[in-house]
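Some notes on the structure that comes next.
2 protein chains.
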Amino acid sequence: MLPMQPGKLTENTIRSSGHHITPQRLVILDVLKGSNGHASADEIHSHVRSRCPKLHISTIYRALDMLKRLGLVTETALGDGKLRYHLHVKGYHHHLICEKCGRVEEMDEATFTPLKAALKRKHRFHADLRHLAIFGRCQACA
Amino acid sequence: MLPMQPGKLTENTIRSSGHHITPQRLVILDVLKGSNGHASADEIHSHVRSRCPKLHISTIYRALDMLKRLGLVTETALGDGKLRYHLHVKGYHHHLICEKCGRVEEMDEATFTPLKAALKRKHRFHADLRHLAIFGRCQACA
DNA sequence: TGCAAAGATGAAACTATTTGCAACTCCATG
DNA sequence: CATGGAGTTGCAAATAGTTTCATCTTTGCA
Ligand SMILES: [Zn+2]
Ligand SMILES: [Zn+2]
Ligand SMILES: [Zn+2]
Ligand SMILES: [Zn+2]
């Protein structure tokens, strides 16, 4: 397995939380960075295969779970029956998904700012609004 | 299998959408009405077993899927690894779920009204905000 | 460096949910 | 009240994700 440099920041976050930097995780992180977001576990698995054929899919799920708990990755169901993983680098966004025609629209986070504030003020709750999927009907299907 | 009366409204919605009223569905609806919301498929299955031992869990999933598409039931992941089904009778509510301590708080829908309006106005999107699970940190775990 | 403990991996088993299919049931129509 | 076709059911098999466990690796420290 080829060694490689992950982002130093990511590496430090992982190490300082008591987790190990392993070759498997470096490959997985590299694939996550390469994919333009929204990768599923088995998409990561097939991209990883060429570089590391024995890397088991459960290792991918466990790596994603760790990255999620460290806040480096979000896990979101976009309505296609798989969970999709997004590595956050700069800024957040959300998705509006039409449950009739399946259209997936990407939107920026601004619309959720008042909600986030209201949840904090009225419920003392710090909502993680980094990558939501909101289901409903698009204009054409309304 | 014992016949029984479902709510007339529910029955009409099902029938007028071209679906059949079957004894299985009557039992499933009855269990859904009896449970105080948030039943999982296999909880429904075990409640149903006594009255209808051969009723297969895939029939439950398919009935729930139909009820969901008709807008009679919502499907929500509350963070315990299963999807939970809620039969809506009057009013909606949502949940705030702490991803550190697991605490699940119920909240009314008012806080989401401005968001719903903004999504309609700015994105022409009719969001289905009937039973959301918002993940984040409760005050104690913030 | 050398070692032990904490953590990670692969493989298999397991849970949750979906799908394909042949047989069966509901119900609109006559 | 019969009947045919659409819709439904039970079952088995597939898919998605999680867990268990024995073995192996990483890393902090002597
Ligand atoms: Zn996204
Ligand atoms: Zn649409
Ligand atoms: Zn609820
Ligand atoms: Zn908490």
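Residue numbers (the numbering used here), protein chains in the order written: chain A, 37 to 178; chain B, 37 to 178. For each residue, glycine too, the CB sits at the ideal point set by N, CA and C.
Distance, Cα to Cα, ILE80 (chain A) vs GLN60 (chain A)?
-> Looking at the two C-alpha atoms, the distance is approximately 12 Å.
In angstroms, rounded to a whole number, what distance separates the CA positions of LEU100 (chain A) and VAL67 (chain B)?
-> So the alpha carbons of these two residues sit roughly 37 Å apart.
Rounded separation between HIS159 (chain A) and CYS134 (chain A) - CA only | Rounded to the nearest angstrom, the two C-alpha atoms are 29 Å apart.
Start and end residues, beta strand (DSSP E) containing LEU119 (chain A) | 119-123
Beta carbon of HIS131 (chain B): closer than 7 Å to some heavy atom of ligand 3?
-> yes
May I ask you to list, following chain order, the residues of the region 87-105 of chain B that have a beta carbon less than 8 Å from some beta carbon of chain A?
-> none
Sufficient close CB pairs (3 or more, under 8 Å) joining the region 125-141 of chain B to the region 86-98 of chain B | Touching, no.
Measuring only between beta-carbons, confirm whether LEU119 (chain A) sits less than 8 Å from chain B.
-> no
Spatial distance of PHE148 (chain A) from LYS136 (chain A) (CA atoms) = 23 Å
Below 8 Å between beta carbons: does that hold for LEU108 (chain A) and LEU119 (chain A)?
-> Not closer than 8 Å, so no.
Interface residues of chain B facing LEU132 (chain A) [CB-CB closer than 9 Å] | LEU155, HIS159, PHE161 and ALA163
CA nearest to the CA of THR112 (chain B), picked from B:ALA154, B:CYS88 and B:GLY73 = B:GLY73
Express the C-alpha separation of GLU145 (chain B) and HIS167 (chain B) in angstroms, rounding to a whole number.
-> 9 Å
Thinking just about the alpha-carbon of each residue, which of B:LEU62, B:MET102, B:ARG105 and B:ARG98 is nearest to the one in VAL84 (chain B)?
-> B:LEU62
Of all Cβ atoms in chain A, is any one closer than 8 Å to the Cβ of GLN175 (chain B)?
-> yes
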